[in-house]
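Remember, the working numbering sits 13 above the position in the sequence shown when you count from 1. Reading through the structure tokens given below for one structure.
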Amino acid sequence: MTILVTGGAGYIGSHTSILLIEAGYDIIVFDNFSNASHESIKRVEKIVGQSITLIEGDIRNRTDLENVFSSYSIDAVIHFAGLKAVGESVEKPLSYYDNNIYGTMVLCEIMSKHNCKSIVFSSSATVYGDPHTTPIKEDFPLSATNPYGRSKLFIEEMLRDLHISDSSWKIVLLRYFNPVGAHSSGTIGEDPNGIPNNLMPFIAQTAVGKRSYLSIFGDDYDTHDGTGVRDYIHVMDLADGHVKALNIIKNLSKVMTINLGTGTGYSVLDMVKAFEKASGKKVPYQIAPRRAGDVAKCFADPSYAKKILGWEAKKGIVQMCEDSWRWQANNPDGYKGKSI
Ligand code: NAD
Ligand code: UD1
């Protein structure tokens, strides 16, 4: 089976590509490298011991996609490509609607034309907005507070409409909680541009000495220690969720919406302590005001993923921190450092 992996050079796409190849799939990575480097794919090739078909192109460009679909017989698409920074989406909403929504429209149009109607889409727990209770189940109310979140919500709706119009589409919407960690080799990992927005890369860069201290956004939330609680999930567990989604996709008769989280919430301070233990480094921090748009607690009820996909997260907080640290310590400048 041949899988097109859009955004396959990025953080989650590169880790998922490894498991897809190990599971026996042929993959084609399609990426415009707006937030990735060729080095990540070189390193994936080294891990899997084979070369990867890589197409540089943009999902908004019909010709780029036409070339791929007419050159290869593609059975399914795992669709990671898109922009993902919440703050940037507030400043540049049109870029987010263009890349994420319009890009997905063009992708689905070309897929349909080539009779490839199976897609696994990267959605996010952000679609739950500020949940009334936790753990969060898939049928909780949906809302968005920023253009990034709205793009995910709208794409989910668009894919549901597509299925209503043509039930031969097979669609899995995977709602990720907070992906962290890296491949155990320490050769690939998350490589944010500039100052990291997300907690784990910020902690890792502080531990390695690139940042002087972590700002903890609020210590007066209604949580066990006052800092925000999230469901951190190891990126290799997340990657495995995609392989499991492909296992069931052929037999689907309805759009499946599935949370991928561990079901356990950790606070910012829990993460700092776990990271200090895993790295043997101090992570200095200061308490700062709350970040606009943050919620107190967000963690999944992952039981539907277990029931439908036979999937559950296996890696805990220790492995998440150890693997993030290995990647950060070996690659303090990410992929911009030395080539391997
Ligand atoms: P990433 O930025 O590392 O990967 C996205 C990849 O898509 C990059 O390689 C980028 O170059 C590529 N890309 C962007 N726009 C493109 C376009 N128009 N055409 C072709 N390629 C394009 O991000 P990631 O963390 O790997 O996230 C993958 C997906 O998962 C995204 O859709 C993201 O919104 C979603 N997601 C991520 C998180 C997270 O915390 N990382 C959480 C929930 C959902
Ligand atoms: C953020 C995005 C969300 C996206 C998710 C995964 C916002 C408001 N939400 O979620 O849409 O789906 O990333 O990419 O940006 N924290 C600090 N200091 C830091 C960074 C974070 O204290 O320097 C805290 C946050 O307040 C939060 C926790 O760490 O309590 C996790 O933050 P983060 O990694 O940014 O993820 P989310 O806020 O869950």
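Beta carbons: idealized from backbone N, C-alpha and C, even for Gly. Here the structure is a predicted model, which means the values were calculated and not measured.
Can you grab the Cα-Cα spacing for the pair Leu78 / Ser27, in whole Å? 20 Å
Point to revise | Segment contact flag, the region 223-237 with the region 275-283, C-beta cutoff 8 Å, min 3 pairs | key: yes
- Would a C-beta distance cut-off of 9 Å place Ile25 and Val42 closer than the cut-off? no
Buried versus exposed call for Gly100 [16 or more other C-beta atoms within 10 Å across all chains shown]: exposed
- Task: Taking Arg303 as the reference, give the member of Pro345, Tyr317, Phe230 and Gln341 with the closest Cα.
- Result: Phe230
Given 8 Å, three or more beta-carbon pairs between the region 180-192 and the region 115-131: yes
Contact test: Lys97 Cβ vs the ligand UD1 heavy atom, cutoff 8 Å
yes
Measuring alpha carbon to alpha carbon, tell me which of Ala220, Pro315 and Leu166 ends up nearest Trp338.
The candidate whose alpha carbon is nearest that of Trp338 is Ala220.
(message) Tell me the residue span of the alpha helix (DSSP H) that contains Asn191.
(response) Boundaries for Asn191: no alpha helix (DSSP H) harbours it, while the beta strand (DSSP E) harbouring it runs Asn191 to Val193, taken from the DSSP string.
### Where Tyr226 falls, given that 16 or more other Cβ within 10 Å makes a residue buried
exposed
Open item on the list: Quick check: does the Cβ of Asn240 come within less than 8 Å of any heavy atom belonging to the ligand UD1?
Closed with: The question names Asn, but residue 240 in the sequence shown is Thr. Thr240: yes, Cβ under 8 Å from the ligand UD1.
Using DSSP's beta-bridge definition, name the partner residues of Ala301. Phe230
Arg56: CB within 8 Å of a non-hydrogen atom of the ligand NAD = no
- Item | With 16 other Cβ atoms within 10 Å as the buried cut-off, status of Pro300 | It is worth fixing the name first, because residue 300 is Ile in this sequence and not Pro. So Ile300 counts as exposed.
request  = Look up Arg7 in the DSSP assignment and say whether it is helix, strand or coil.
outcome  = Coverage of the chain is limited to positions 14 through 353, which leaves residue 7 absent and any answer about it impossible.
Q | For Gly116 and Ser178, the rounded distance between their alpha carbons | A | 20 Å
Taking the beta carbon of Gln63 as the centre, do at least 16 other beta carbons fall within 10 Å, making it buried, or is it exposed? exposed
Query raised in the report: Are Gly162 and Asp336 close, meaning C-beta to C-beta below 9 Å?
Result: no
| said: With a threshold of 8 Å (Cβ to nearest heavy atom), would Met278 be considered close to the ligand NAD? | reply: Checking the sequence shown, residue 278 turns out to be Gly, not Met. For the ligand NAD, not one heavy atom lies less than 8 Å from the Cβ of Gly278.
* Extent of the continuous alpha helix (DSSP H) to which Asp250 belongs -> Val248 to Ile262
Do the region 128-148 and the region 309-316 make contact, defined as three or more Cβ pairs closer than 8 Å?
A contact exists between the region 128-148 and the region 309-316.
Do Ile31 and Ala252 have their C-beta atoms within less than 9 Å of each other?
yes
State the Cα-Cα distance for the pair His176 and Gly293, rounded to the nearest angstrom.
50 Å
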